[in-house]
Each structure stands twice: as structure tokens, then as C-alpha cells.
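Participant: Plus 979 on top of the position in the sequence shown (first one is 1) and you've got this note's numbering.
Here a beta-carbon is modelled for each residue, glycine too, at the ideal position from N, C-alpha and C.
Please see the structure below; I have some questions.
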Amino acid sequence: MLTLRNPATEEVICELPHASVADADAAIEKAKAASPAWKAMAPADRSKVMRRFADTVAAHVDELALLETQNMGMPIGSSRWCANAVSDVLHYFAGAVEKHTGSSIPVAGGIDVTFHEPLGVVGLITPWNFPMLMASWKIGPALAAGNTAVLKPAEITPLTSIRIGELALEAGIPEGVLNVVVGPGRTVGQRLVDHPDVRKVAFTGSTEVGKQLMRGCADQVKRLTLELGGKSANIVFADADLEKAAANAPGAVFDNSGQDCCSRSRVLVQRSVFDRFMELFIDAAKAFTVGDPMDPSTAMGPLVTAGHLAAVRRYSEGLETVFTGEAPDGPGYWHPVMIATPTYDDPVCHEEIFGPVAVVIPFDDEADAIRICNDSIYGLSGSVWTQDGAKAIRVVRAMEAGTLSVNSNSSVRYSTPFGGFKQSGLGREHSMHVLDHYSELKNVFFAT
Ligand code: NAD
């Protein structure tokens, strides 16, 4: 039995039975049985039913937002944004169904034609930090490409995923096309990796577990995409609009209580403007209110569980900070926002904390900024702040990261590719590119 608590109050929200490996097998069996009809459905019809699914989600935004906030502590405004984004993502991929087309290639003696064939049953494994959003990033392209799916959400935050599964059925997605199984990663998640009828695993989570999955998938050469951890750099050059860069810096690391794979948790600041930037950054962080996630004016809620709070505290306790914000006393898994300027060899400068802790590191020049940025096992996201366009282009081209922004901290959109370099992942989500990860490319030669 799984006991879910509201992270802002520690009150029990509900108790859920754990699915067993046998339940996972049953879900895989259902997905397999539903596969031929879903694959054979005319693309226009598949698109239509996916649009109804997207509309049904849009009609339940308030309910989904409330569930997300109560289950994982996300501020209600952000939860509402996420619920709307789930609908947008599903709409985008409903529209993509008819647009993911093959090509014809003239060759000697005939013509080659390519087809994007669905894989069959795909396993979707999601983390707890943006539960419904991460689920939609996988459900949308999986179904659009003609696959059926078994979704295994993080066992501590399954409520919105369960509800989305119900809404799919209400919208007319045929039974068996989308299945949701709630249980532990090491049993139910592992079964998606091991089961021979699951042709691909799409995983978002920690780099450690991602590596285990990669080993597990090797035996069957199972298709695998990985969206993993990060320690992204927010690079502020002396010629940047410092006020704007500093005003954006707190949200870039503290949003979602820092539980964001794209969190720009390493703030790299050119030495000549370091002191001025720090004043502005600290001022902006003071306005970052931490409190009741049901209050629409709250910027940051609690951390997700007592266990995760303890993990973040292992980094933050004893850390010398230049600014520590205020956070409510318990009950609730509260952690204040923190800004620190530790020495470079301190693990907080290199390891993913996944909490509201920003480290600020000075740099001398462009080459130094790039060197520090790339001195990481990760390469997911990042930002560059400068008013020199040529410099911005040089720097983003040199940064070893997949999802970047210039003079902004926003870099995630369903219509543009998203993913990481190095140990931040493998493959891409979003955009038409992701559909290639949910299908096999078949080539046929027709002799003429
Ligand atoms: P996690 O790796 O502990 O768990 C992720 C999912 O994997 C959960 O559903 C879990 O039950 C499952 N799992 C665990 N062990 C498994 C196993 N042996 N086999 C199959 N499934 C297993 O990650 P988390 O703590 O839920 O999430 C936080 C991590 O996710 C952070 O590192 C964060 O950076 C990363 N993340 C990455 C992205 C991205 O897009 N790159 C997005 C969000 C979160």
C-alpha cells in the first residue's frame, strides 16, 4: 500500500495499492491487444480522437491542477499552467499524426519509399517533479506515432497520471491504447524494461536510474530514450542587461522548488560585474515568496517528500550562503531559497541538488565561461545573457548542452526539440523530431 501525503501539510491524501509485476504484465497484454487496431486506424481518425483527448484535458484543468498541487506541492498557478500545457502538447501531437510522412527516393532501376512504422507497445516511465507534464510529453508522441502505451508514473506522484488515463477513455481513446500502472520502479518499472513485448522505453528521471535502464535494455537491443539530470549554467556577461538577468535568475533556479531538470543552478557571472549582479540577484531572490502552494501569490512551495528534503539538506546544511530566504516552519517539507558562492571544488558546484540552492561562480572572459560551463558530466539546459549578438552565437555553439536560451531562461516548448548532451540524456522529446524515436524507419525498394 502506498500512502500519499500533501507535502505542504504532511496530511495523508490517500492510500493506493501498489501494482504488482503481474499487473504490469496485464497492462502490457492489454496494450499489445489494442495495438493492431490503433496502428491501422486512419491517421485523420487517430488525430481526431487525440484532439478530443486534448479537449477533455482542457475541460479538467482545475481538477488536474488541484490534484498536482496536493500531491507534489507545486504552486497552484504553475499546476494550472502545466494542466493547460498537457492539453496543448496533446493538441500538437494530434496535429502531427498526419504530418509525420515518409519520402520517395529515386534510385537506379526503381524507387525507394520510406515508411515510419509504429513500434508496438512502448513503456513510458516518468518522474515526480512535473508529473502530468512529463507524462504528456511521452503520451502525445507515443500515441501519435501509432503505438500503444503503458505509463508508469513516479509512485509518489501518480494522481494526475491516473486521472489523465481516465480522461483518455472518456474522450474515446480506445481501451488498451493508454494504460497506467502505479508501482515501484524496481519492480513495475523494471518489468517494462524486461518484458519482450515492450519495444521501447522512454524514461525521464535520474542519471543513475537511466544508466541501469540502459544496461537492462541492452539484452533485447530495446529502443530507449533518456531525459536525465542536469546542472545547467546561467552565464551572465558584463555587457548583459544586468537588471533583466538578475530579475530572471531566481525563477531560473528556484521555480518548482528547484526540482527542475532544466534548473540553471550554476550562475556564472563575469568578474567585473560580479558584485553588482549579486546585489541585484539577492534583491530579486528576496521577493521570491515561499509558502502555501494553494495561495496564488506563492512563488515556491515545499519540496516533494521528507526524504527529498533530507537529501537537499545534505547539501545545504552547513553551506555558507550569501543569502538564505525565509520558509515556513513545519508541518510541510519546507526549504528556503539559498544563494552561495562556494569554492569551485565544493560538490554543490557540480552535483545536481534538485532543490532551491543556487551557486554563483565568477569567470574572467568568454573562454573561461565556456570552460566552466562545460566542466560538467551534464549538458541539459542553460542561458547566456549578453547584448553582443555575435558573442551569444559563439557561446551557445560552444556550450555542451541541448536546450539553451539567450537573454531568457525559457527554452522548453512542445514545438522545438528538447533534450540533453552527455549524461543528461539520449534522444530528444518534443517537436516532429521526437516521432522518429517512437517509430522504426522502414525502406522499401520498388523495382520499375
Ligand atoms: P528516478 O530516477 O528516481 O525515478 C524516475 C522514474 O523511474 C520513477 O517512475 C521511478 O519509479 C522509476 N524507476 C526507478 N528505478 C527504476 C528501475 N530500476 N527500472 C525502471 N524504472 C525505475 O527520478 P526522480 O527522482 O523521480 O526524478 C528526479 C530526476 O529526474 C532528476 O535527476 C531530474 O533531473 C530528472 N528529470 C529529468 C528531466 C529531463 O527532461 N531531462 C525532466 C524531469 C526530471
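Find out if the Cβ-Cβ distance for the pair Leu1103, Ala1181 is shorter than 8 Å.
Facilitator: Yes, Cβ-Cβ distance for Leu1103 and Ala1181 is below 8 Å.
Participant: Within its chain, find whatever has a CB closer than 6 Å to the CB of His1174; leave out the 5 residues flanking it on each side and keep chain order.
Facilitator: Same-chain partners within the cutoff: Ile1007.
Participant: Please report how far the alpha carbon of Leu1069 lies from the alpha carbon of Ala1369, in whole angstroms.
Facilitator: Rounded to the nearest angstrom, the two C-alpha atoms are 37 Å apart.
Participant: Residue range of the beta strand (DSSP E) that Ala1217 falls in?
Facilitator: It is not in any beta strand (DSSP E) - Ala1217 carries neither H nor E in the DSSP assignment.
Participant: Grouping DSSP H, G and I as helix and E and B as strand, with all else coil, what is Gly1361?
Facilitator: Three-state DSSP puts Gly1361 in a strand.
Participant: Does Lys954 come out as helix, strand or coil in the three-state DSSP assignment?
Facilitator: Lying before the first or after the last residue shown, residue 954 is absent from the chain, which here runs from 980 to 1427.
Participant: How about Gly1206: is its Cβ closer than 7 Å to a heavy atom in the ligand NAD?
Facilitator: This sequence places Glu at residue 1206; Gly is not what is there. Flag set: Cβ of Glu1206 near the ligand NAD.
Participant: Give a single yes or no on whether Gly1209 has its beta carbon closer than 7 Å to a heavy atom of the ligand NAD.
Facilitator: Yes - the ligand NAD has a heavy atom lying nearer than 7 Å to the Cβ of Gly1209.
Participant: Taking contact to mean at least 3 C-beta pairs separated by less than 8 Å, is the stretch 1200-1210 in contact with the stretch 1392-1406?
Facilitator: Yes: the two stretches touch, three or more of their Cβ pairs being nearer than 8 Å.
Participant: Should Leu1045 and Arg1142 be called a contact, given that it needs their Cβ atoms to be closer than 8 Å?
Facilitator: No, the pair does not count as a contact, with Cβ atoms beyond the cut-off.
Participant: For Pro1310, which option in Arg1243, Asp1271, Phe1216 and Val1000 has the closest C-alpha, if you only look at C-alpha atoms?
Facilitator: Among Arg1243, Asp1271, Phe1216 and Val1000, the Cα nearest to that of Pro1310 belongs to Asp1271.
Participant: Assuming Leu981 and Glu1134 form a contact by the criterion Cβ under 8 Å, report the distance between their Cβ atoms to the nearest whole angstrom.
Facilitator: Indeed, because the Cβ distance is near 6 Å, the residues count as touching under 8 Å.
Participant: Determine the extent of the alpha helix (DSSP H) in which Thr1136 is found, giving its start and end residues.
Facilitator: Counting along the chain, Thr1136 falls outside any alpha helix (DSSP H), and DSSP gives it neither H nor E.
Participant: Would you call Ala987 buried or exposed, if buried means 16 or more other Cβ atoms sit within 10 Å of its Cβ?
Facilitator: Per the 10 Å Cβ criterion, buried.
Participant: With DSSP as the reference, identify every bridge partner of Glu1512, one or two as the case may be.
Facilitator: Since the first residue shown for the chain is 980 and the last is 1427, residue 1512 is missing from the structure and cannot be characterised.
Participant: Give a single yes or no on whether Arg1165 has its beta carbon closer than 7 Å to a heavy atom of the ligand NAD.
Facilitator: Arg1165: yes, Cβ under 7 Å from the ligand NAD.
Participant: By alpha-carbon positions, which one of Leu1098, Glu989 and Val991 ends up nearest to Lys1421?
Facilitator: If we check each option's Cα against that of Lys1421, Leu1098 comes out closest.
Participant: Use the C-beta contact count for Tyr1393: other C-beta atoms within 10 angstroms, 16 or more gives buried, fewer gives exposed.
Facilitator: Burial call: buried.
Participant: Which residues share a DSSP beta bridge with Ile1340?
Facilitator: Leu1247.
Participant: Would you say Ala1133 touches the ligand NAD, meaning its beta carbon is less than 7 Å from a heavy atom?
Facilitator: Under cutoff, so the answer is yes.
Participant: Consult DSSP for Ser1046 and reduce its assignment to one of helix, strand or coil.
Facilitator: Reading off the sequence shown, one finds Leu at residue 1046, where the question assumed Ser. Helix.
Participant: Using 8 Å for Cβ pairs, my map puts Met1279 next to Ser1236. What's the rounded Cβ distance?
Facilitator: Yes, they are in contact, since the Cβ atoms of Met1279 and Ser1236 sit about 5 Å apart, within 8 Å.
Participant: Sort Ile1318, Glu990 and Thr1127 by Cα distance to Asp1262 and report the nearest one.
Facilitator: Taking only the C-alpha atoms, the option nearest Asp1262 is Ile1318.
Participant: What would DSSP say about Ser1242, mapped onto helix, strand or coil?
Facilitator: Of the three classes helix, strand and coil, the one that applies to Ser1242 here is coil, per DSSP.
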